[in-house]
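Since the structure comes first, as structure tokens, the remarks are kept for the end.
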Amino acid sequence: MTDNNITKTEAKELKNKVQELIERNKEYNLEVRKTTITTIAGALTLVAGLFWQDAIKQGIGDYLPAGNSFTAKIVIALIITVIFATIIVILNKSLQKTLEKKTDVK
Numbered sequence: 004m005t006d007n008n009i010t011k012t013e014a015k016e017l018k019n020k021v022q023e024l025i026e027r028n029k030e031y032n033l034e035v036r037k038t039t040i041t042t043i044a045g046a047l048t049l050v051a052g053l054f055w056q057d058a059i060k061q062g063i064g065d066y067l068p069a070g071n072s073f074t075a076k077i078v079i080a081l082i083i084t085v086i087f088a089t090i091i092v093i094l095n096k097s098l099q100k101t102l103e104k105k106t107d108v109k
């Protein structure tokens with residue numbers, strides 16, 4: 004017959020390994036949750052972007068020449084890119100200042 008009893012040391016090691024697995028599982032679940040939320044946020048952002056695209060096209064359509072020439076579209080795309088890039092830079096600087104204030108407070 005085999006002895007199924009384990010020593011206190013073995014029980015402690017087993018308990019530690021189980022705790023380690025539980026912690027790893029929690030970390031894994033957190034990463035899955037973060038990834039899922041990021042993916043959903045990206046999808047929602049894409050949908051919002053498509054609505055903005057339609058709104059901008061409709062708003063700018065009034066200012067395009069009658070033929071909607073390729074050159075006019077390129078010029079408008081460049082102008083919008085510069086405007087949006089400027090907005091993004093301003094927002095990033097604002098965020099950076101906010102983060103710096105939070106780290107200074109601690």
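First residue of the sequence shown? That's 4 in my numbering, and the numbers climb one at a time after it. Backbone N, C-alpha and C define an ideal beta-carbon position, used for all residues, glycine too.
Residue i versus the options, residue with shortest Cα-Cα distance
| i | options | result |
| --- | --- | --- |
| I83 | Q56, N7, L47 and L17 | Q56 |
Own chain, CB closer than 6 Å to residue i, minus 5 neighbours either side, in chain order
| i | result |
| --- | --- |
| D107 | none |
Residues of its chain near residue i, where Cβ-Cβ distance is below 8 Å and the 5 sequence neighbours each way are ignored
| i | result |
| --- | --- |
| Q99 | none |
| T101 | none |
Specify whether the segment 75-92 and the segment 58-67 touch according to this definition: at least 3 beta carbon pairs, one from each stretch, less than 8 Å apart.
-> In this structure the segment 75-92 touches the segment 58-67; the number of beta carbon pairs closer than 8 Å is three or more.
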